[in-house]
Every structure is written in C-alpha cells, then in structure tokens.
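Numbering (our numbering), first residue to last: 35 to 77.
We put the beta carbon where it would ideally sit given N, CA and C, even for glycine.
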C-alpha cells in the first residue's frame, strides 16, 4: 500500500483563521495516518 503524505503551505502573512485552519488540517491528517510536511517560505 502506498504511504500518503501532504504538505501544508501558507503565504506567511496575517490572515484571520489561518492558524486554526492549518492546525485542523494537520490534526486530521495525523489522525488518518497521513504524513504531514510543513513548507517553510513556501512562496
């Protein structure tokens, strides 16, 4: 079986709710057994 992985990329600027959204994505992915990578200086 293939291992699933995702990367979380944000613009790095202030945005209402971005921290909560990124946290929810990471927590859900980890719960589902998906590897999560954060992209520093994504764009």
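With respect to residue 73, residue 63 sits apart: the two C-beta atoms are not nearer than 7 Å. Sequence-distant Cβ neighbours of residue 37 in its own chain, meaning closer than 8 Å and more than five residues away, are 69. Between the alpha carbons of residue 77 and residue 47 lies a distance of about 11 Å. Secondary structure at residue 77: coil, using DSSP grouped into helix, strand and coil.
When the beta-carbon positions are compared, residue 58 and residue 42 stay at least 7 Å from each other.
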